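Q:
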Amino acid sequence: MLEVAVIDKPAVAEASLDPVRQQILAALVNPSSAAALAPLVGLTRQKVNYHLRTLEEHGLVHLVEERKRGNMTERVMQASAASYVISPAAMSALAPDPRKFPDQLSARWLVAVAARVVREVGELIAGATAAGKPLATYAIDSDITFATASDRADFARELGEAVNGLVAKYHDGNTATGRPHRLVVALHPSLKPSTHSPESEN
9 MLEVAVIDKP
19 AVAEASLDPV
29 RQQILAALVN
39 PSSAAALAPL
49 VGLTRQKVNY
59 HLRTLEEHGL
69 VHLVEERKRG
79 NMTERVMQAS
89 AASYVISPAA
99 MSALAPDPRK
109 FPDQLSARWL
119 VAVAARVVRE
129 VGELIAGATA
139 AGKPLATYAI
149 DSDITFATAS
159 DRADFARELG
169 EAVNGLVAKY
179 HDGNTATGRP
189 HRLVVALHPS
199 LKPSTHSPES
209 EN
């Protein structure tokens with residue numbers, strides 16, 4: 009089972025967004041059957057089987073084994089991933105393009121950049137998986153508390169200078185064999201644990 013799978017097709021996204029199917033997918037982190045799932049989601053075994061068939065058609069669950077139960081064959085299924093992310097590619101006509109309104113201080117531009125990361129890395133994962141090759145990526149996820157807004161502004165300025173210095177040092181626009189990479193650095197307020205609402209940008 010994958011830790012995270014990226015959904016990039018509209019039909020698959022639609023199938024995954026059904027609340028009952030989300031319950032089933034969450035339960036199928038561990039292999040289970042329609043009969044065992046039925047009481048968990050409050051449906052009959054037949055209705056659970058209907059949802060399982062839909063999920064299987066879209067590659068969201070797969071068959072683990074078949075068991076004989078008297079005159080019946082019980083199909084044991086498992087989710088293809090522990091969690092899922094829907095790529096903007098599933099809404100290609102509406103996907104944001106961060107090139108259209110570049111603004112380092114815009115929260116919405118940050119969302120557009122993050123959406124592009126999901127779309128591009130999702131495509132790269134699919135390609136690497138099909139080729140049976142690893143995908144070279146790197147990420148940093150850190151928490152930082154600023155005493156003042158001035159400290160935050162100074163941090164952002166120094167971070168930008170440091171990143172620009174590294175880019176200037178290692179970027180080679182003349183190489184014929186080099187592989188282009190995209191670098192994204194983001195800074196945003198953390199959610200308040202008590203309210204789960206974003207803090208003020210100021």
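Numbering (this note's numbering), first residue to last: 9 to 210. Ideal placement from N, C-alpha and C gives every residue a C-beta, glycine not left out. Since we're looking at a predicted model, the values are computed, not measured.
(1) What would DSSP say about S158, mapped onto helix, strand or coil?
(2) Measure the C-alpha to C-alpha separation of G173 and H179 and round it to an integer number of angstroms.
(3) Could you work out which residue in L132, Q31, I94 is closest to Q86 when comparing CA atoms only?
(4) Since L68 and S24 are thought to touch, with beta carbons under 8 Å apart, how far apart are those beta carbons, to the nearest angstrom?
(5) Candidates V72, G181, A164: which alpha carbon is nearest H196's?
(6) Helix, strand or coil: which one does DSSP assign to H179?
(7) Look at the alpha carbon of T52 and the alpha carbon of Y92, and state the distance between them as a whole number of angstroms.
(8) Leaving out the 5 sequence neighbours to the left and right, which residues in its chain are closer than 8 Å to V20 when beta-carbon positions are compared?
(9) So the candidates are A103, A155, G168; which of them puts its Cα closest to the Cα of A194?
(10) So, with DSSP's three-state summary, where would you put S91?
(11) Taking S88 and D16 to be in contact with their CB atoms under 8 Å, please state how far apart those CB atoms are, rounded to whole angstroms.
(12) Spatial neighbours of P142 within its chain, please: CB distance less than 8 Å, with the 5 preceding and 5 following residues excluded, ordered by chain position.
(13) Sorted by chain position, which residues of the same chain lie with C-beta nearer than 6 Å to L10's C-beta, five sequence neighbours on each side aside?
(14) Answer yes or no: do A122 and P106 have a C-beta to C-beta separation smaller than 7 Å?
(15) Give me, in chain order, the residues of the same chain whose beta-carbon lies closer than 6 Å to that of N211; leave out the 5 immediate sequence neighbours on both sides.
(16) Spell out the partners DSSP gives H70 in its beta bridges.
(17) I15 lies in the alpha helix (DSSP H); which residues open and close that run?
(18) Going by DSSP, what residue range makes up the alpha helix (DSSP H) through A126?
A: According to the data block:
(1) It is helical.
(2) 10 Å
(3) Nearest C-alpha to Q86: Q31.
(4) 6 Å
(5) Minimum Cα distance to H196 is reached at A164.
(6) coil
(7) 26 Å
(8) H66, G67, L68, A98
(9) With distances taken between Cα atoms, A194 lies closest to G168.
(10) strand
(11) Between D16 and S88 the Cβ distance is about 14 Å, and since that is not below 8 Å, they are no contact.
(12) A136
(13) A89
(14) no
(15) This structure gives no information on residue 211, because the portion of the chain shown stretches from 9 to 210.
(16) Q86
(17) Where I15 is concerned, there is no enclosing alpha helix (DSSP H), although the beta strand (DSSP E) it sits in stretches over 10-15.
(18) With the sequence shown as reference, residue 126 is identified as Val, and Ala is not the correct amino acid for it. Here the alpha helix (DSSP H) through V126 covers 115-139.
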